[in-house]
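Chemist:
Protein chains: 2
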Amino acid sequence: MPTILDVARKANVSAMTVSRVINGSGPVNEETRRRVEQAMKELDYYPNSNARSLVKKETRLLSLLITDITNPFYTTLARGAEDAAKRLGYRLIFCNSDEDPAKEKEYIEMLLSTQVDGVLFAPSGDDSLKNLRLLRKQGIPFVLIDREVPNLECDKVLGDSMLGAHKLMEHLIENGHRRIACITGPKHISTARDRLQGYLATLKLHDLEIDPSMIIETEYTLGSHQEVMQKLLELQTLPTAIFAANNFVALGAIKELRKHGWKVPEDISVVCFDDLDLLQDLDPFLTVAKQPSYDFGVFGVQMLVERILGTATSNFRTIVLPPEIIIRRSSRNINAALE
Amino acid sequence: MPTILDVARKANVSAMTVSRVINGSGPVNEETRRRVEQAMKELDYYPNSNARSLVKKETRLLSLLITDITNPFYTTLARGAEDAAKRLGYRLIFCNSDEDPAKEKEYIEMLLSTQVDGVLFAPSGDDSLKNLRLLRKQGIPFVLIDREVPNLECDKVLGDSMLGAHKLMEHLIENGHRRIACITGPKHISTARDRLQGYLATLKLHDLEIDPSMIIETEYTLGSHQEVMQKLLELQTLPTAIFAANNFVALGAIKELRKHGWKVPEDISVVCFDDLDLLQDLDPFLTVAKQPSYDFGVFGVQMLVERILGTATSNFRTIVLPPEIIIRRSSRNINAALE
DNA sequence: GTGAAAGCGCTAACAA
DNA sequence: TTGTTAGCGCTTTCAC
């Protein structure tokens, strides 16, 4: 591949002049500029960004670290991040931690070597603290998205898990449900804690009994939630509704319910956090707390770039993007006659 | 951030020795190695891969260029590519062309500057040829995935669109369908052409009439396919089944059918290419030709890396991964009584 | 087993 | 408006 020197020779100028043409970083005679541009085109020259990064000490590379690339919440977020990064002149490296802090650490080390300018970070859980400290120690700016980590001051773009859970619960209670099970995510993930918190708080608010056997913890990932549902279905008194902590958990629950011959919503109502856009097209079915996932990505990248450029206030900021409750067929009024 | 020289000073050796420790690229005394490793740890040293790339003329970076990051076919493919890349010691940059050759070109130019070692390339269409030629001119190895481009010899990992379409059509015909509509993708995408071809060939095979008004072209993306369906629903004689060229097209079709009060499969059957894993959990519904998307990514990266390392045969290779037909509820026997 | 010198492709800083 | 020099952090080459 041709270098800046090849271009310089061909245009009969110095490398410095070519550099100025490429970057618009100094005065260049119109006629000279034309010659240089001509030479670049003829040689199919593309500047080597490694070399540039080495001297400029910036790569214009950001990283988006998410925990599950198959979850539509994160892919839509990724779209938002990508669009914003492009608009601001940054490239984006995607990393997928698979909800695993060890894999997350490997990626962080890779990113440190890559010299990314900043990281948009969806932590796999509270254990991510070590990894985040590593970034901070090296002076790499980061913005937390979707989940937060205790004992860490930093920029954040979060949803409102408490509020969303509360609204979903209010909806169920309004519709006559009194025995509501909660299938929550891992305790080491902040959104799981907050959603459980919202569940509990709303029950208390209505003086409803809190039955620990109705609260079951599972993974956030798609896959078999068999044992979890087994536990639930073995209860003496069965719930009339399920509040699931995210979209994949809800899918897993419904799948298991089906296996056991339960119909949603006839036999049991189901509501959850996060929408599934695809599904909504096929059959508007699940009642959900939909989060503006695309905006998570956009705001995240904007905050990150402001932090990198130093145009942000020195204080850390938190942006909260509230969910929207969408009521569909999966939740029904328990007193209404079945159609 | 500390450099190799900082480590060298701390360990009382030269930079060269540190380099040898990092890369295992030469003999180092056990005791010296320990001192160097100690120093690296104490300084939180991570080698600058830009500097390394500059001299080694390899970045160990691959790019995965796909056309739609929200399509589960591609996200699963991405997982496969990511896992394989990691295993082989490569980093992966995701790019999303959005089915747009212009955006695709911008990304290619960016990748040229980034000095990626190779590109896993799902072309936006036949117009990608220019972009691919650019890569070839610069000597960057690439592997085409999912779609091919006419007049270009290169490594490829493809599905078998003809076969999948044929099998889906056979399934419909076996179940008594005679008037089958085809909602196909853009003509400039190879898979759309092949699927249409499979549709036509199977009709001919069974001496069934080919009615051009039953063949409608639309986009591969999720979104409203209103006008397309409008055309279909205005036909004199209506089809009893629809063959949709991909998952998103099928979703769009079903959505529109619903709007017009048509039920699937009671009023009309629908089959399509590519599965939707999420959906399958909620309600095993769509009859599909499922492609092994994860393997597309794995094989693609493997081929690419072999090409980069020069361990591949000099001849270009094509891997074909056939689809699997999964029959579900969206297609029914037209003569069977409704339940 | 270890180090010194040179250079990868580019740009900052200064000089002309 | 243009060019020269030096150096970013690393590895290759060759010498010891």
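Protein chains in written order, with full-length UniProt numbering: chain A, 1 to 339; chain B, 1 to 339.
We put the CB at the ideal spot given by N, CA and C, even for glycine.
For chain B, is any of its Cβ atoms less than 7 Å away from the one on Ser213(A)?
Modeler: So, not an interface residue.
Chemist: Using 7 Å as the threshold, is the C-beta distance between Ser331(A) and Val271(A) below it?
Modeler: Closer than 7 Å, so yes.
Chemist: Counting only beta-carbon separations shorter than 7 Å, does residue 399(A) have a partner in chain B?
Modeler: Residue 399(A) cannot be examined here, being either before or after the span of chain A that is shown, 1 to 339.
Chemist: Which residues in chain A have a C-beta closer than 8 Å to the C-beta of Tyr46(B)? List them in chain order.
Modeler: Per Cβ cutoff of 8 Å: Glu109, Leu112, Ser113, Gln138.
Chemist: Please name the residues in the segment 74-87 of chain B whose beta-carbon is closer than 7 Å to at least one beta-carbon of chain A, in chain order.
Modeler: The segment 74-87 of chain B vs chain A, Cβ under 7 Å: Thr75, Thr76, Ala78, Arg79, Glu82.
Chemist: Give me the residue from Arg133(A), Lys86(A), Gly80(A), Ala85(A) with the minimum Cα distance to Glu104(A).
Modeler: Cα-wise, what sits closest to Glu104(A) is Arg133(A).
Chemist: Nearest chain B C-beta to Leu282(A) closer than 7 Å, yes or no?
Modeler: It does; some Cβ of chain B falls within 7 Å.
Chemist: List the residues of chain B whose Cβ lies closer than 8 Å to the Cβ of Gln189(A), in chain order.
Modeler: The amino acid occupying residue 189(A) in the given sequence is Ile; Gln does not appear at that position. Near Ile189(A) there are no residues of chain B at all, since even the closest Cβ is about 21 Å away, more than 8 Å.
Chemist: Near Gly185(B), what residues of its chain come up, given a Cβ to Cβ distance below 6 Å and the 5 sequence neighbours on each side ignored?
Modeler: Taken in chain order, the residues that qualify are Ala192, Tyr220, Ala245.
Chemist: Write down every uninterrupted run of the alpha helix (DSSP H) in the segment 47-82 of chain B whose length is 4 residues or greater and which is fully enclosed by it, in chain order.
Modeler: Qualifying alpha helix (DSSP H) stretches, in chain order: 49-56.
Chemist: Going by C-alpha to C-alpha distance, which of Glu42(B), His206(B), Pro27(B), Asn23(B) sits closest to Ala11(B)?
Modeler: Nearest C-alpha to Ala11(B): Glu42(B).
Chemist: With a threshold of 16 other CB atoms inside 10 Å of the CB of Thr311(B), please say whether the residue is buried or exposed.
Modeler: Label assigned to Thr311(B): exposed.
Chemist: Mapping the DSSP letters down to three states, classify Arg91(A) as helix, strand or coil.
Modeler: Here Arg91(A) sits in strand by DSSP.
Chemist: Taking Leu251(A) and Asp281(B) to be in contact with their CB atoms under 8 Å, please state how far apart those CB atoms are, rounded to whole angstroms.
Modeler: Going by Cβ atoms, the distance from Leu251(A) to Asp281(B) rounds to 5 Å, so yes, they are a contact pair.
Chemist: Are the CB atoms of Phe243(A) and Ile180(A) within a distance shorter than 7 Å?
Modeler: Going by C-beta atoms, Ile180(A) is nearer than 7 Å to Phe243(A).
Chemist: Counting only C-beta atoms, is Phe273(A) closer than 7 Å to chain B at any point?
Modeler: Phe273(A) does not count as touching chain B.
Chemist: Please report whether the beta-carbon of Ile183(A) lies at a distance below 7 Å from any beta-carbon of chain B.
Modeler: Chain B, which has no Cβ nearer than 7 Å to the Cβ of Ile183(A), makes this no.
Chemist: Can you list, in chain order, the residues of its chain with a C-beta nearer than 8 Å to that of Ile93(B)? Leave out the 5 residues immediately preceding and following it.
Modeler: Counting only Cβ-Cβ distances below 8 Å, and skipping sequence neighbours, we find Leu61, Leu62, Ser63, Leu64, Leu111, Thr114, Val116.
Chemist: Mind listing, in chain order, the continuous alpha helix (DSSP H) runs of no fewer than 4 residues lying wholly within the segment 162-219 of chain B?
Modeler: Listed in chain order, the complete alpha helix (DSSP H) runs (minimum 4 residues) inside the segment 162-219 of chain B are 190-205.
Chemist: Chain B partners of Thr3(A), CB-CB under 9 Å?
Modeler: Within chain B, no residue comes near Thr3(A); the closest Cβ sits about 11 Å away, beyond 9 Å.
Chemist: CA-CA distance, Ala85(A) and Arg91(A)?
Modeler: If I take the Cα positions, the gap works out to 6 Å.
Chemist: Using 8 Å as the threshold, is the segment 260-268 of chain B in touch with the segment 193-201 of chain B, meaning 3 or more CB pairs across them?
Modeler: No, the segment 260-268 of chain B is not in contact with the segment 193-201 of chain B.
Chemist: Give a yes or no on whether the minimum CB-CB distance between Thr70(A) and chain B is below 7 Å.
Modeler: Yes, Thr70(A) lies at the interface with chain B (some Cβ there is under 7 Å from its Cβ).
Chemist: Is Met169(A) buried or exposed, if buried means 16 or more other CB atoms sit within 10 Å of its CB?
Modeler: Looking at its Cβ environment, which holds 16 or more other Cβ atoms inside 10 Å, Met169(A) is buried.
Chemist: Is it buried or exposed for Ser14(B), if we count other Cβ within 10 angstroms and need 16 for buried?
Modeler: It counts as exposed.
Chemist: With the cut-off set at 7 Å, would you say Val149(A) and Leu120(A) are in Cβ contact?
Modeler: No, Cβ-Cβ distance for Val149(A) and Leu120(A) is not below 7 Å.
Chemist: Just to confirm my understanding: we take Asp160(A), look at its own chain, exclude 5 residues before and 5 after, and list those with CB closer than 7 Å. What are they?
Modeler: Closer than 7 Å at Cβ, skipping near neighbours: Val320, Pro322, Pro323.
Chemist: Under 8 Å Cβ-Cβ, which residues of chain B neighbour Arg91(A)?
Modeler: Within 8 Å Cβ-Cβ: Ile93, Met110, Thr114.
Chemist: For the segment 245-270 of chain B, enumerate the residues whose C-beta is nearer than 9 Å to any C-beta of chain A, in chain order.
Modeler: Those would be Asn247, Phe248, Ala250, Leu251, Gly252, Ile254, Lys255, Arg258, in chain order.
Chemist: Does the beta-carbon distance from His166(B) to Thr240(B) come in below 7 Å?
Modeler: No, these two residues do not count as a Cβ contact at 7 Å.
Chemist: Is DSSP giving Ala244(B) helix, strand or coil here?
Modeler: If DSSP states are grouped into helix, strand and coil, Ala244(B) belongs with the strands.
Chemist: Classify Thr221(B) as helix, strand or coil using the three-state DSSP reduction.
Modeler: Correct three-state label for Thr221(B): coil.
Chemist: Per DSSP, what are the beta-bridge partners of Ile319(B) in this structure?
Modeler: DSSP output for Ile319(B) lists Val157(B) as bridge partner(s).
Chemist: For Asn71(A) and Asn23(B), what's the separation of their Cα atoms in angstroms?
Modeler: Looking at the two C-alpha atoms, the distance is approximately 37 Å.
Chemist: Work out the CA separation of His206(B) and Leu276(B) for me, nearest whole Å.
Modeler: Cα-Cα distance, rounded: 30 Å.
Chemist: Which residue's Cα is closest to the Cα of Leu135(A): Gly125(A), Tyr107(A), Leu158(A)?
Modeler: Nearest option by C-alpha distance: Tyr107(A).
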